[in-house]
Each structure stands twice: as C-alpha cells, then as structure tokens.
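These protein sequences, in sequence, are chains A and B. Residue numbering for the first sequence follows this note's numbering, starting at 146 and increasing by one per position. Residue numbering for the second sequence follows this note's numbering, starting at 135 and increasing by one per position. Yeah, the Cβ is synthetic: ideal placement off N, Cα and C, and Gly gets one too. Model, not experiment: these values are computed from the prediction. Structure, as structure tokens:
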Amino acid sequence: MLKKIVGLAFGLALATMSPNLAFAASTEIRVGLVLEPPSLDPTSAAAAAIKEVTYQNIFEGLTKIDQNGAVQPLLAHSWTISDDGLTYTFKLEGGVRFHDGSDFDAEDVVYTFNRIIAPDSTNAQKALYEPIANVTAVDPHTVKIVLKHADGQFLFDIGRGDAVIVSPEGEPNNATAPIGTGPFAFVQWDKGSRIVLERNEDYWGTHPALTKVTFVFISDPNTAISAVLAGDIDGFPNFPAPEALDVIKADPRFKVTVGTTEGETLLATNNAKPPFNNLKVRQAMAHAIDRKAIIDGAQSGYGTPIGSHFAPHNPYYVDLTNTYPYDPAAAKKLLAEAGFPNGFSTTIKLPPPTYARRGGQIVAAQLAAIGIKAQLINVEWAQWLTDVYTNKDFDLTIISHVEPFDIGIYANPNYYFGYNDPQFQAIMAKLNNTTKDEDRKALAIEAQKRLAEQAVNGYLFELAQVGVWNAKVEGQWLNAPIEGAVLTGVHWVD
Amino acid sequence: MIWFVLKRLIGFAVTLVVAAAVIFVLLDLLPGDPARFILGINATPEAVTALQAKLGLNLPAPERFFTWLAGMIHGDFGLSYTQRAPVAGLIGDRLWVTIPLSILAMLLSIVIGLPIGILAARRRGSPAEAGLMTLAQFGIAVPNFWFGMLLVLLFAVGLHWLPPGGFVPWRENPLLALRGLTLPSFALALPQAAILARVMRTALVDVQNADFIRTARAKGMTMGEAVWRHGVRNALLPVITILGLQFAYLLAGTIIVENVFYLPGLGKLIFTAISERDLILLRGAIIILIVAVTATMLILDLLYAAIDPRLRSRGD
C-alpha cells in the first residue's frame with residue numbers, strides 16, 4: 146500500500162513538472178499589480194487598484210489625462226466654455242457603443258454626473274464635482290454642464306477615473322462585471338488571482354495592438370521578483386521591490402522604466418499639538434532630515450528630493466530643498482532655543498507602504514541624532530484613515546499625498562496637519578480666483594515658499610514610478626500623473 | 135453511544151455560537167471604519183455617511199450580530215463590504231484552492247514523514263537515525279514560507295519546471311491547477327512531515343519494547359516482521375491524533391503560503407479582508423475555519439470512540 150502511494154505521488158510530481166506551458170503570444174500581455182481591486186466600479190470606491198484595471202482600458206470619460214498629465218479629448222471630441230467660465234458645452238463622439246452593445250449618448254453623460262452629485266452618492270471624490278449645478282442633454286450628441294462657480298481644474302477632474310461615463314443599464318453590475326466604452330472589454334475575474342480583458346473589436350477609436358490583457362495580483366515583493374525572473378509576468382507598471390532593480394537591470398530580458406508621480410512623501414506633522422506648534426521645533430526637525438539618505442535607504446535611490454508640497458515636474462515648481470539644509474548642529478541649537486535642550490519623546494505612525502515603514506526607521510534615526518526619540522508604530526491603512534486622518538490622533542506620520550496639484554489642502558484648518566495660517570489661506574484664495582497663467586505661477590511659488598519656511602511638514606521626496614517590463618514590450622506609460630495602468634498603446638516588438 | 139454522540143454534537147453547536155460572538159466582538163473592536171477605508175482620503179463626510187447607511191454599519195451592534203447569526207443559519211453570510219458580492223460565494227470559490235492544497239500537503243507530509251519515522255526507529259542508534267532526525271529537527275525549525283521561497287528560486291526561477299505562483303482554475307485545466315499547487319503543498323508539507331517523522335519514530339520505539347512484540351518474537355517472527363505486522367499499526371494511534379491537530383495548523387499555514395505563491399485561497403482572502411476592513415467577509419471566513427477545525431476534532435472524537443470502547447465510558 147505504502148509503495149503504491151509513493152509511486153502515485155512520484156508519478157504526479159513528474160506529470161506536473163512539464164515545461165512552462167503558459168507562454169504569452171505576441172498580442173497578449175500579463176501585467177502584475179500589487180493589490181487586487183475590491184470591486185471594478187471606479188466611480189464608487191477610492192482603491193487605486195480599481196483605476197489600474199479599468200481607467201481608459203474599460204471605462205472612458207468625457208476627457209482623459211495623458212501620460213504627461215495634460216487634458217485631452219476622449220468621449221467629448223470638443224467643447225466650448227462660456228466667457229464667465231460657468232457653462233461648458235461638450236460635443237460627443239458618434240458611433241460609440243458600450244460593451245453590452247447599447248449606444249452611448251448624451252443621456253448616459255447626464256445619468257453619470259447626476260449620480261455623482263446625488264445626495265446619496267458614494268463617489269470617493271464627490272467634493273471635486275461639487276461645482277456642478279446641472280447637466281442637460283441638448284441633443285443626443287451635445288451635453289451642457291453649468292457650474293455654480295468657475296473651476297480651473299474642471300476639465301482635468303472630469304478626466305479622472307471617478308467621472309468615467311457609465312450606462313444606466315450597466316451601472317448596477319459595474320462592481321463585478323463592468324460595462325464601459327473603452328478599447329478593452331471585461332471578460333473574467335478569478336477572484337484572488339487575476340482579471341482578464343479582451344480587445345473590444347467594436348471600439349469606436351484606434352484599436353489597441355493587444356488582444357488580451359491579464360492582470361495578475363502579487364502583493365509579496367519577493368514573489369513579485371520571482372514572477373518577473375521566471376517570465377510569468379510581462380510587466381509591472383509599479384514594481385514593489387526597488388531593492389531588486391539592479392539584478393533585473395543587469396538581465397537583458399528586462400527593462401526598468403523610471404517616471405514621475407504626483408506623490409509628495411511627507412513626514413506629516415500635527416501642527417496643532419505641542420511641541421509641534423512651535424515653529425522652532427519644526428525648523429529643527431527640517432534641519433535634522435537628510436533626504437538623500439532616506440531616498441537611498443527606503444527607495445533604493447529612486448525619488449526626487451522636495452522642499453515643499455509640489456511636484457518637481459510641474460511648471461510652477463520651485464526648488465526649496467535648501468530652505469533648511471541638512472545640519473544637525475543647527476537643528477540642536479534650534480531645539481535648545483525652543484526649550485528642549487535634551488530633545489523630547491514622540492511617536493511616528495507608519496502605514497504599510499515600503500516608503501513609510503523603511504523611511505520611518507531612517508527618519509527616526511535622524512531625529513534621534515538631535516535628541517528627538519521617536520517610537521515607531523505600524524498601522525494598517527484602515528487604522529491610519531481613522532486614527533490619523535479622521536481623528537487627528539498622532540504626532541508624526543509618513544505618507545505620500547498622490548493627488549495632482551493638492552497644495553490647497555493646507556488652506557483647510559481642519560485638515561489633519563492642523564495647520565491654521567491666515568497668510569497661507571489668503572495666498573490660496575487669491576490663487577483660486579486668478580486665471581492668468583503667470584499670475585497663477587507667481588502665487589503658486591509664494592504658496593510653496595510659505596509652506597517651506599513654516600516647515601509645516603517634513604518634506605522628504607517625490608515618489609518615482611518604477612516599472613519593470615519585458616524588454617520587448619513598448620508603448621507603456623512611464624509617468625503616473627493619475628491613478629491608472631493605461632495599456633492602450635502597449636505593443637510587442639521583435 | 136447515542137448519548138455520547140449527542141453530547142458531542144451539542145458541544146459542537148455551543149462552540150460555534152460562542153466563537154461567533156467572540157469573533158464579532160473582537161472584530162468590531164478593530165480600529166478603522168470600513169466605509170472610510172472604501173472611499174479613501176478625499177471622501178466627503180456625507181459620502182461616508184451615505185455608504186455607512188448602504189452597508190448597514192449605522193445599525194447598533196447587537197442588531198448587526200443577530201442579523202448576521204440568523205442569516206448564517208440559513209447559509210446567508212451577508213454581502214461583502216468592499217466586493218459587493220455574497221460572502222458565501224466568495225468563500226466557496228476560495229475553498230476550491232485551500233482544501234485541495236491542505237489535502238495535498240497532508241498526503242505529502244504522510245508520504246514523506248512516516249517512512250522516515252519508521253526507518254529511523256528501525257535503525258535506532260545508527261548514524262542514519264541521527265542524520266534523519268537532524269533533518270527532521272531542521273524541517274520543524276524552517277518556516278514554511280521561507281522554504282516556499284527557496285523552492286520558487288530553485289524550481290521556478292532556476293529550472294523553469296514549475297510556475298512561481300498563481301493558479302489556473304480547475305475547470306480550465308486541471309493539470310495546470312495541480313502544477314500551481316505543487317510547490318506550495320511541498321512548502322506546507324515539509325514542517326508537518328518533520329513533526330510526523332518524529333512522532334512516528336518515538337511511537338514505534340515505544341512499541342518495540344511492548345509485550346506483544348516480545349510475544350510475536352517468541353512465536354518465531356523476525357523483529358522486522360513483528361514491527362511491520364503489529365508494531366506499526368499500534369504506533370499509528372498517536373500519529374492519527376497528531377494528524378488531526380495538524381489539519382488546523384495546515385489551514386492556518388495557508389494564510390502565509392497562499393500569499394507567497396499568490397494563490398486565490400481562503401488564507402489570501404482572510405489576509406485581504408483584514409487589511410481592507412471587510413469585517414463581514416472576515417467573520418464569515420473565520421467561522422468557516424472554525425467549523426472545519428471543530429468538525430475535524432468532532433470526527434476524531436467519534437472515531438476514537440468507535441475504535442476504543444474505553445473512551446466512551448470515560449467520557450460520561
């Protein structure tokens with residue numbers, strides 16, 4: 146009996162060890178993502194993974210954001226804006242059909258936006274669409290949107306994944322079987338493992354080169370490395386293991402792409418809580434931070450130092466990293482002036498991403514060098530959102546703010562930073578009412594400088610978007626100006 | 135006997151209800167609001183309130199508990215907060231990975247562990263025994279996820295014989311599905327096999343000195359015949375007890391191993407549900423695990439009683 150069992154097991158082992166059968170054809174791709182989306186409706190939840198799978202692949206908006214962060218037409222091929230900036234008239238593409246075969250027209254647009262602004266709306270970015278007063282269908286291919294007040298970001302905001310056009314018939318099932326107008330149609334979701342999309346042969350625009358896309362979900366960094374090296378994954382738009390990039394770079398089968406993101410990574414500080422309400426303490430901490438050491442240690446060297454809350458690739462950016470240069474002696478002096486010659490004890494709450502957990506250890510060591518003893522507390526995202534963000538129960542935390550052009554959060558005294566500065570609020574109020582580009586730029590620079598001087602938060606670095614791809618895959622986005630893993634231009638070359 | 139079975143069944147039911155209450159209370163104490171998590175950092179307070187109402191999170195805790203309990207009795211585990219799909223279906227799909235994985239790992243641990251244990255007991259005092267037991271000690275000490283990573287490096291990255299992870303559904307290609315489970319089941323099986331080998335060896339060594347073996351020897355059997363025909367069977371009793379306990383460890387072990395091999399099993403589901411605060415899904419999955427473990431214990435209890443009449447009277 147035992148012999149039989151051993152023989153059977155051995156035979157089974159042999160049978161399963163045939164050469165790797167899963168070989169991708171030249172129009173198919175297997176893309177690795179760190180997190181699996183909880184659902185597939187980008188208009189009713191915030192998870193970035195939802196947009197990675199669906200944005201511009203399955204769903205499309207009136208406008209789209211291109212890989213450089215610029216607004217481009219999509220389902221609306223053109224638009225006009227009234228002189229007062231309040232009325233937008235969109236001309237829609239003709240001959241567009243949803244994946245279920247139904248026609249796309251102005252009524253779908255009206256439905257989509259009314260759903261976003263409804264009282265019971267659960268749109269994660271509802272506040273962005275608050276300016277909308279009403280949406281009307283002028284004719285099947287013309288939509289008029291009237292705003293309550295002018296909004297310079299409006300065309301960008303309707304190009305986000307949160308405002309993609311859904312059909313009234315498909316909407317109830319979008320969470321599990323999404324129906325969009327995009328170049329790829331949803332085929333299958335093996336929960337916990339992968340999502341399969343196929344090319345929409347009925348697509349209204351330029352057809353993508355890929356015929357089949359399989360998203361595979363791998364959260365463990367070591368596993369991600371193995372999957373890439375074993376050739377089981379053709380591309381990882383946001384690779385979770387920067388420490389392995391040197392090995393991967395040295396292998397001619399792969400290439401590493403490096404681009405920009407909108408993620409300002411901060412040592413966010415509770416400005417309302419002593420001793421952090423003391424400017425000298427914040428300045429001392431700013432002097433204590435060695436950004437290069439953090440970028441090298443936590444991100445394997447990928448990332449750009451920042452001195453304020455602004456993305457370095459933005460045209461309004463100004464380099465303020467030398468406002469409080471790395472200088473532990475100056476830091477100690479300031480701390481003593483503030484009444485803490487021997488430093489003090491504090492805590493840093495760290496959410497799960499690597500930049501926070503690894504960065505936290507380095508920041509703690511740098512603070513310890515000037516006498517600030519920081520205890521590290523690991524928290525999960527849900528806990529971070531409740532404790533830190535909602536209840537403001539924290540001293541320090543490390544977090545990347547990934548929203549584009551989000552310096553306005555500092556004008557909100559109720560924001561979790563606890564930063565209440567009438568001078569900054571005045572600059573932002575002026576900026577919001579200014580339309581002339583050079584004036585806007587001057588005000589944006591003034592705002593950045595104020596934050597840097599006040600050392601509101603510890604400004605560490607801008608996250609880099611680091612992708613790992615099969616060397617024969619081209620056309621992928623290098624930058625991450627918005628949440629998404631857009632595959633419309635991706636193709637294989639020989 | 136009927137009274138004995140009835141008592142055990144009542145104990146089973148009470149255990150489950152108590153476990154359900156404990157799980158509910160503990161998970162409700164977890165910091166983090168599911169609605170806030172789903173809608174993220176920029177959600178307006180109104181949107182969060184609207185979602186809380188939609189998910190039924192605004193109801194008082196006792197009401198949520200009894201609705202949940204009543205639903206489960208009818209097989210309705212509720213609707214997942216984040217995935218907006220029935221919890222029972224989500225768990226059911228995952229069992230198609232976790233149960234075959236656990237069974238495969240269990241079989242492998244038996245196939246590897248028992249012969250080593252028998253061999254070691256037969257070669258007592260020899261260098262072979264010392265070698266095998268050192269190996270077993272090593273096997274117990276090695277964490278299964280780390281062993282899994284080593285397996286991946288060798289068989290997937292190095293030799294390209296097996297995939298580094300992932301899973302092809304059974305309905306699509308059973309052979310590929312089995313390929314996907316091969317490395318993880320070895321990773322899970324090794325520490326269990328090491329424990330089994332040690333238990334088997336000790337039990338067999340004890341049995342070798344038993345009176346009935348001496349009797350068998352006196353009747354003319356060789357030592358090998360006596361151990362094989364009478365010893366192994368008697369030594370298996372403690373081994374079966376350990377196997378029952380190991381099933382619980384295997385199920386728990388899948389949480390980490392499924393993450394290492396990105397397998398869509400119950401363990402990965404639990405892991406994700408914790409981080410996304412999908413409390414209703416998490417409760418359902420944990421209840422299923424508890425049912426599996428307590429049911430195994432119940433079956434073992436009943437089996438022992440059937441085999442060994444002494445246990446029945448002792449139980450009363």
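Does DSSP put residue i in a helix, in a strand, or in coil?
i: serine 409 of chain B; result: helix
i: proline 567 of chain A; result: helix
i: glycine 173 of chain A; result: The question names glycine, yet the displayed sequence has glutamate at residue 173 of chain A. Of the three classes helix, strand and coil, the one that applies to glutamate 173 of chain A here is strand, per DSSP.
i: glycine 634 of chain A; result: coil
i: valine 288 of chain A; result: strand
i: alanine 275 of chain B; result: helix
i: histidine 364 of chain B; result: helix
i: phenylalanine 329 of chain A; result: strand
i: tyrosine 500 of chain A; result: helix
i: glutamate 359 of chain B; result: helix
i: aspartate 435 of chain A; result: coil
i: isoleucine 572 of chain A; result: helix
i: isoleucine 522 of chain A; result: strand
i: lysine 81 of chain B; result: With chain B represented from 135 up to 450, any question about residue 81 of chain B goes unanswered, as that position is not in the structure.
i: proline 450 of chain A; result: strand
i: lysine 149 of chain A; result: Caution applies to lysine 149 of chain A, whose pLDDT of 49 falls short of 50 and renders its modelled position unreliable; the model cannot decide the point.
i: alanine 344 of chain B; result: coil
i: serine 163 of chain A; result: Any answer about serine 163 of chain A is weak, because its pLDDT of 40 lies below 50 and its placement is not dependable; what the coordinates show is given next. In the structure shown, serine 163 of chain A sits in coil (DSSP, three-state: anything other than H, G, I, E or B).
i: alanine 121 of chain A; result: Outside the shown range of chain A (146 to 639) lies residue 121 of chain A, about which nothing can therefore be said.
i: tryptophan 230 of chain B; result: helix
i: serine 338 of chain A; result: coil
Assuming residue i contacts residue j under a Cβ cut-off of 8 Å, what Cβ separation, rounded to an integer in Å, is found between them?
i: phenylalanine 289 of chain B; j: tryptophan 295 of chain B; result: 5 Å
i: glycine 166 of chain B; j: arginine 363 of chain B; result: The pair is not a contact, with the Cβ atoms about 60 Å apart (cut-off 8 Å).
i: serine 243 of chain B; j: glutamine 326 of chain B; result: 4 Å
i: isoleucine 175 of chain B; j: tyrosine 534 of chain A; result: 6 Å
i: valine 618 of chain A; j: valine 635 of chain A; result: 6 Å
i: alanine 194 of chain A; j: leucine 178 of chain A; result: 6 Å
i: phenylalanine 211 of chain B; j: alanine 439 of chain B; result: The pair is not a contact, with the Cβ atoms about 32 Å apart (cut-off 8 Å).
i: glycine 399 of chain B; j: threonine 232 of chain B; result: 4 Å
i: isoleucine 174 of chain A; j: leucine 355 of chain A; result: 6 Å
i: valine 288 of chain A; j: phenylalanine 204 of chain A; result: Going by Cβ atoms, the distance from valine 288 of chain A to phenylalanine 204 of chain A rounds to 17 Å, so no, they are not a contact pair.
Quick one: residues in its chain with C-beta nearer than 8 Å to the C-beta of residue i, no 5 flanking neighbours on either side, listed in chain order?
i: aspartate 302 of chain A; result: Gln270, Leu273, Tyr274, Asp296, Ala308
i: proline 498 of chain A; result: Ser545
i: leucine 164 of chain B; result: Arg411, Leu413
i: proline 183 of chain A; result: Ala190, Ala192, Ala194, Ile195
Excluding the 5 residues flanking residue i on each side, which residues of the same chain have their C-beta closer than 6 Å to its C-beta?
i: serine 171 of chain A; result: Trp637
i: valine 426 of chain A; result: Pro420, Ala483
i: alanine 625 of chain A; result: Thr406, Gln610
i: aspartate 253 of chain A; result: Ile310, Ser312
i: isoleucine 226 of chain A; result: Tyr233
i: glycine 452 of chain A; result: Leu465, Thr466, Thr468, Ala597, Tyr604
i: glycine 553 of chain A; result: Met573
Take residue i and list the residues in its own chain whose beta-carbon comes closer than 7 Å to its own, dropping the five residues that flank it on each side.
i: glycine 448 of chain A; result: Ile440, Phe606, Glu607, Leu608, Ala609
i: alanine 337 of chain B; result: Ala369, Pro372, Val373
i: tyrosine 77 of chain B; result: This structure cannot speak to residue 77 of chain B, because chain B is shown only from 135 to 450.
i: valine 291 of chain A; result: Leu231, Thr232, Ala278, Asn279
i: phenylalanine 171 of chain B; result: Glu410, Arg411
i: valine 547 of chain A; result: Thr406, Glu407, Gly408
i: lysine 575 of chain A; result: Leu588
i: valine 524 of chain A; result: Lys494, Leu495, Pro496, Asp532
i: glycine 620 of chain A; result: Gly634, Val635, His636
i: proline 387 of chain A; result: Gln444, Ser445, Tyr447, Val611
i: alanine 352 of chain B; result: none
i: leucine 118 of chain B; result: The structure shown does not extend to residue 118 of chain B, since chain B is modelled only from 135 through 450, so no value can be given for it.
The stretch 621-634 of chain A / the stretch 379-389 of chain A touching (three or more Cβ pairs under 8 Å): yes
Is there contact between the stretch 554-562 of chain A and the stretch 424-431 of chain A, where contact requires at least three CB pairs shorter than 8 Å? The answer is no - the stretch 424-431 of chain A does not touch the stretch 554-562 of chain A, with fewer than three Cβ pairs under 8 Å.
If you pair each beta-carbon of the stretch 239-256 of chain B with each one of the stretch 420-428 of chain B, do three or more pairs fall below 8 Å? no
Does the stretch 486-493 of chain A touch the stretch 513-527 of chain A, meaning 3 or more C-beta pairs lie closer than 8 Å? Three or more Cβ pairs drawn from the stretch 513-527 of chain A and the stretch 486-493 of chain A lie within less than 8 Å of each other, which places the two stretches in contact.
Is it the case that the stretch 413-421 of chain A contacts the stretch 533-551 of chain A, given that we only count it when at least three CB pairs across the two stretches are under 8 Å? yes
Scan the stretch 369-423 of chain B and note each continuous alpha helix (DSSP H) run of 4 residues or more that stays entirely inside, going in chain order. Runs of the alpha helix (DSSP H) inside the stretch 369-423 of chain B: 400-409.
May I have a chain-ordered list of the alpha helix (DSSP H) segments no shorter than 4 residues that lie completely inside the stretch 240-290 of chain A? The alpha helix (DSSP H) runs of length 4 or more contained entirely in the stretch 240-290 of chain A are, from start to end of the chain, 251-262.
With three or more C-beta pairs closer than 8 Å as the rule, is the stretch 204-215 of chain A touching the stretch 198-209 of chain B? no
Touching or not, the stretch 311-330 of chain B and the stretch 345-364 of chain B, by the rule of three or more beta carbon pairs under 8 Å? no
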